[in-house]
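K.L.:
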DNA sequence: ATGGTTGCAAAGCAA
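Residue numbers (full-length UniProt numbering): 1 to 260.
(1) Using only CA atoms, which one of 40, 252, 113 and 188 lies nearest to residue 125?
(2) Which residue marks the beginning of the alpha helix (DSSP H) containing residue 223, and which one marks its end?
(3) For residue 58, is the classification buried or exposed, using 16 other Cβ atoms within 10 angstroms of its Cβ as the cut-off for buried?
(4) Nearest CA to the CA of residue 190: which residue from 229, 214, 247 and 29?
(5) Considering Cα atoms alone, identify which of 107, 84 and 15 is closest to residue 266.
(6) Is the beta carbon of residue 3 less than 9 Å from the beta carbon of residue 258?
(7) Among 139, 8, 111 and 105, whose alpha-carbon lies nearest the alpha-carbon of residue 152?
(8) One question on the structure: do residue 233 and residue 178 come within less than 9 Å of each other, judged by their Cβ atoms?
(9) Looking at C-beta atoms only, is the number of pairs between the stretch 59-76 and the stretch 28-37 that lie closer than 8 Å three or more?
(10) In angstroms, rounded to a whole number, what distance separates the CA positions of residue 85 and residue 127?
(11) Considering just the uninterrupted stretch of the alpha helix (DSSP H) at residue 127, what are its terminal residues?
(12) Going by the CB atoms, is the gap between residue 250 and residue 63 shorter than 9 Å?
(13) Determine which residues share a DSSP beta bridge with residue 184 and list them.
(14) What are the partner residues of residue 55, as DSSP defines its beta bridges?
(15) Could you name the residues that DSSP lists as bridge partners for residue 92?
(16) Please report the straight-line C-alpha distance between residue 65 and residue 164, rounded to a whole angstrom.
(17) Exposed or buried, residue 217, counting other C-beta atoms within 10 Å across all chains shown (16 or more means buried)?
(18) Ordered along the chain, which non-local residues of its own chain (more than five positions away) have a Cβ less than 7 Å from that of residue 240?
(19) Between which residues of its own chain and residue 243 is the CB-CB distance below 7 Å, once the five residues before and five after are set aside?
(20) Skipping 5 residues on each side, what residues in its chain have a beta carbon closer than 8 Å to that of residue 166?
(21) Between the Cα of residue 148 and the Cα atoms of 182, 104, 100 and 36, which residue gives the shortest distance?
(22) Indicate whether residue 338 and residue 11 have their beta-carbon atoms separated by less than 9 Å.
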């Protein structure tokens, strides 16, 4: 089973690219972020035509997450628990059959948090605290669990081409990185790092200043696997070539292959 | 380099 995650930066602007990716790679499950669409505006039928079931948590103008799956999406839940007042569309969960059992999959879009020193950064840290609680609760089910999405966290210096350029950015603050480590230390495996150690492994390149041409990237799109899921991990990858295509997202797909 | 680029949606915000 192949599970991919991709911040597509607008599903309407990226529909043809997304459909081409699905036709080429045929992932079983896809976690999308930044769909930038309300549910009614999501091109559900275009994905259904390729054989996918669709679940969305949309929002007008920005944010928004979705799950696509060839097999049915069961027990879909929308929203990150812990703050009834939080209206941002950043979290959707579903269970999908994997062989003779089920895997729980989350598509998440963690707040950017810039600029630091503002309520936006406080919101990011509060959101991560809520994520920690939800992840711990999900782990108690002892079902294979995959947290996939745009975490907006650069975990280590080697996850950036120019780490010094990010020291004042919310993505690389000590508090952001500490919250990431606490999450990982619940027992998750960083799937990309398990398969691809070392520098030069990036998932995002800014649109500005020719960042991609200079390979001035960062690794912020992650797939965290519970121990039950990590036991099934066969391989993972990053599809950088999508960043070189016409009208690309600034993020590229990250994927894992699990034994079923 | 106090700019630079893109999406949404129709001016300015978010990233």
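Glycine residues also receive a C-beta, built at the ideal position from the N, C-alpha and C atoms.
P.N.:
Looking at the atomic coordinates:
(1) In the first chain, counting from the first residue as 1, residue 125 sits at position 125. Answer by Cα proximity: 113.
(2) By one-based count along the first chain, residue 223 stands at place 223. Segment 221-225 is the beta strand (DSSP E) holding residue 223; no alpha helix (DSSP H) there.
(3) In the first chain, the residue the question calls residue 58 occupies position 58. Here residue 58 is buried. Its C-beta has 16 or more other C-beta atoms within 10 Å.
(4) Working through the first chain from its first residue, we reach residue 190 at position 190. If we check each option's Cα against that of residue 190, 229 comes out closest.
(5) Since the first residue shown for the chain is 1 and the last is 260, residue 266 is missing from the structure and cannot be characterised.
(6) Looking up residue 3 in the first chain gives position 3. Looking up residue 258 in the first chain gives position 258. Residue 258 is positioned such that its CB atom lies closer than 9 Å to that of residue 3.
(7) If you number the first chain from 1, residue 152 lands on position 152. It is 111.
(8) The residue you call residue 233 lines up with position 233 of the first chain. The residue you call residue 178 lines up with position 178 of the first chain. The answer is no: Cβ separation not under 9 Å.
(9) yes
(10) Taking the first chain and counting its residues from 1, the one referred to as residue 85 is at position 85. Taking the first chain and counting its residues from 1, the one referred to as residue 127 is at position 127. Spanning the two alpha carbons is a distance of roughly 12 Å.
(11) The sequence position of residue 127 within the first chain is 127, counting from 1. Start and end: 119-139.
(12) In the first chain, residue 63 corresponds to position 63, counting from 1. In the first chain, residue 250 corresponds to position 250, counting from 1. Going by C-beta atoms, residue 63 is not nearer than 9 Å to residue 250.
(13) To locate residue 184, count along the first chain from 1; it is residue 184. Partner(s): none; residue 184 has no beta bridge.
(14) What you label residue 55 is simply residue 55 of the first chain in a count that begins at 1. Per DSSP, 67.
(15) Mapped onto the first chain, residue 92 falls at position 92. BP columns for residue 92 point to 78 and 107.
(16) The count along the first chain starts at 1 and reaches residue 65 at position 65. The count along the first chain starts at 1 and reaches residue 164 at position 164. Each residue's Cα considered, the two are about 31 Å apart.
(17) Taking the first residue of the first chain as 1, we reach residue 217 at position 217. Here residue 217 is buried: its Cβ has 16 or more other Cβ atoms, across all protein chains shown, within 10 Å.
(18) Along the first chain, one-based indexing puts residue 240 at 240. Residues 252 of the same chain have their beta carbon placed closer than 7 Å to that of residue 240, with the five preceding and five following residues left out of the count.
(19) Your numbering for residue 243 matches position 243 in the first chain. Around residue 243: 205, 212 and 252.
(20) Walking along the first chain from the start, residue 166 turns up at place 166. Counting only Cβ-Cβ distances below 8 Å, and skipping sequence neighbours, we find 154, 160, 172 and 218.
(21) Against the first chain, residue 148 aligns to sequence position 148. Nearest option by C-alpha distance: 104.
(22) Outside the displayed span of the chain (1 to 260) sits residue 338, for which this structure offers no information.
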